[in-house]
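In what follows, a single structure is set out as structure tokens and then discussed.
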Amino acid sequence: MPELVIEQVDAEMIDAGDGVYIPRSWGAVVTGLPDIPGAVHARIVYDPTLRRAVAESVRVGRSGLGDEVTTTLLRDIRVQAIVQSAAARVVRIDRDGGNLESYGEYIGRLRTNEGLSEEQTLREAVKLYRLGSVINDGPLKLVSDELGVSISTATRMMNRARVAGLVDEETGREVYIQAREQQLREQATGPVVGPGSSGPSVGR
């Protein structure tokens with residue numbers, strides 16, 4: 008069973024937009040990965056140009072005698088999965104009052120929060136979308152899974168949020184393109200329904 012340990016977290020929190028905050032940088036150490044002898048050490052940063060967490064460097068240490076680091080071994084490392092899981096551990100979400108909560112706290116509260124108005128639901132969709140983007144996970148999938156709607160409905164919700172001016176310009180452009188692509192897909196195949204689970208899986 009893979010184990011993830013977070014280390015050397017930068018004290019500076021970056022405002023990534025829409026109530027999502029993340030450290031400037033941090034380290035992640037993963038052990039117990041299948042077919043990987045030893046630990047994977049990743050240095051992860053928030054890249055303001057890409058607007059998401061990215062791996063700045065990754066190294067692998069063998070566990071001891073009889074093991075070696077090979078090209079084949081390096082190809083087996085799922086860097087994006089490590090980035091997603093590590094980012095989910097350190098990201099913080101504003102609870103509409105300056106109180107920051109963890110990924111798990113936010114998702115847990117959202118799942119039990121019933122009776123949201125349409126505007127509140129749109130605002131949560133925007134926050135989920137930004138959260139998914141920042142931690143390098145599928146933003147529309149996160150909206151779909153956590154609000155219990157299909158991918159096509161999540162796309163339409165985000166497009167409504169764009170029209171209502173609830174997203175920034177860059178996210179708005181991204182959402183517009185996705186909404187157009189979704190519309191073309193639905194014309195060809197019909198609505199796409201999202202799966203029922205979400206979120207990072209390494210050491211979650």
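Be aware that the sequence shown starts at 8, since it is given in our numbering, and climbs by one per residue.
Heads up, the beta-carbon is just placed ideally off N, CA and C, and yes, glycines get one too.
In this text, all values refer to a predicted model and were calculated from it rather than measured experimentally.
Please classify Glu126: does DSSP put it in a helix, a strand, or coil?
-> Here the question's residue 126 lines up with position 119 in the sequence shown. Glu126 falls in the helix class under three-state DSSP.
Considering only residues of the same chain and omitting the five flanking positions on each side of Ser205, which have a CB-CB separation below 7 Å?
-> What you label residue 205 is simply residue 198 of the sequence shown in a count that begins at 1. At Ser205 the pLDDT is 49, less than 50, meaning the model places this residue with poor confidence and gives no usable figure here.
Which same chain residues, not among the five before or five after Ala186, have their C-beta less than 6 Å away from its C-beta?
-> Start at 1 with the first residue of the sequence shown, and residue 186 comes out as number 179. The answer, listed in chain order, is Thr162, Asn166.
Compare the beta carbon distance of Ser159 and Glu193 with 9 Å and say whether it is the shorter of the two.
-> Position 152 of the sequence shown, counting from 1, holds the residue named residue 159. Position 186 of the sequence shown, counting from 1, holds the residue named residue 193. Between Ser159 and Glu193, the gap from beta carbon to beta carbon is short of 9 Å.
Report the three-state DSSP secondary structure of Gly34 (helix, strand or coil).
-> Position 27 of the sequence shown holds residue 34. Note: Gly34 maps to strand in three-state DSSP.
Rounded Cβ spacing between Val90 and Leu138 (contact assumed at less than 8 Å) = Here residue 90 refers to the residue found at position 83 of the sequence shown. Here residue 138 refers to the residue found at position 131 of the sequence shown. Between Val90 and Leu138 the beta-carbon gap is near 14 Å, outside 8 Å, which marks them as no contact.
Straight-line CA distance for Gln190 to Asn143?
-> Here residue 190 refers to the residue found at position 183 when the sequence shown is read from its first residue. Here residue 143 refers to the residue found at position 136 when the sequence shown is read from its first residue. Near 24 Å, if we compare the C-alpha coordinates of Asn143 and Gln190.
In chain order, what residues of the same chain lie with their CB nearer than 8 Å to the CB of Pro30, ignoring the 5 residues before and after it?
-> The residue given as residue 30 occupies position 23 in the sequence shown. Val16, Asp17, Ala18, Glu19, Met20, Ile21, Tyr53, Val97.
In this structure, does DSSP put Asp152 in helix, strand or coil?
-> Counting from one through the sequence shown, the residue named residue 152 turns up at place 145. Asp152 falls in the helix class under three-state DSSP.
When you compare only the Cα positions, how much space is there between Val212 and Leu117?
-> Residue 212 lies beyond the stretch modelled for the chain, which goes from 8 to 211, so this question has no answer here.
For Gly203, which residues from the same chain have a beta carbon less than 6 Å from its beta carbon, with the 5 sequence-adjacent residues on both sides left out?
-> Counting from 1 along the sequence shown, the entry for residue 203 is found at position 196. Low local confidence applies: a pLDDT of 48 at Gly203 is under 50, so the model's placement there is unreliable, and no value is given.
Where the beta strand (DSSP E) through Ser64 begins and ends | On the sequence shown, residue 64 is found 57 positions in, with the first residue counted as 1. Element bounds for Ser64: 59 to 68.
Kindly list the residues whose CB is nearer than 6 Å to the CB of Arg102, restricted to its own chain and excluding five residues on each side of it in sequence; keep chain order.
-> Residue numbering aside, residue 102 sits at position 95 when the sequence shown is read from its first letter. Answer for Arg102: Glu108, listed in chain order.
Is the distance from the Cβ of Gly34 to the Cβ of Glu14 below 9 Å?
-> Here residue 34 refers to the residue found at position 27 when the sequence shown is read from its first residue. Here residue 14 refers to the residue found at position 7 when the sequence shown is read from its first residue. In this structure, Glu14 lies closer than 9 Å to Gly34 by Cβ.
Consult DSSP for Gly24 and reduce its assignment to one of helix, strand or coil.
-> Position 17 of the sequence shown, counted from the first residue, corresponds to residue 24. Secondary structure at Gly24: strand, using DSSP grouped into helix, strand and coil.
For the candidate residues Val47, Ser124, Arg69, whose alpha-carbon lies nearest to that of Gln87?
-> One-based indexing of the sequence shown puts residue 87 at position 80. When only C-alpha atoms are compared, the closest one is Val47.
Can you tell me the Cβ-Cβ gap for Val141 and Ala168, rounded? I've got them flagged as a contact below 8 Å.
-> Indexing the sequence shown from 1 puts residue 141 at position 134. Indexing the sequence shown from 1 puts residue 168 at position 161. About 17 Å separates the two Cβ atoms, so there is no contact after all.
Taking DSSP as the reference, what is the three-state secondary structure of Glu176?
-> Taking the sequence shown and counting its residues from 1, one reaches residue 176 at position 169. Reduced to three states, the DSSP call for Glu176 is helix.
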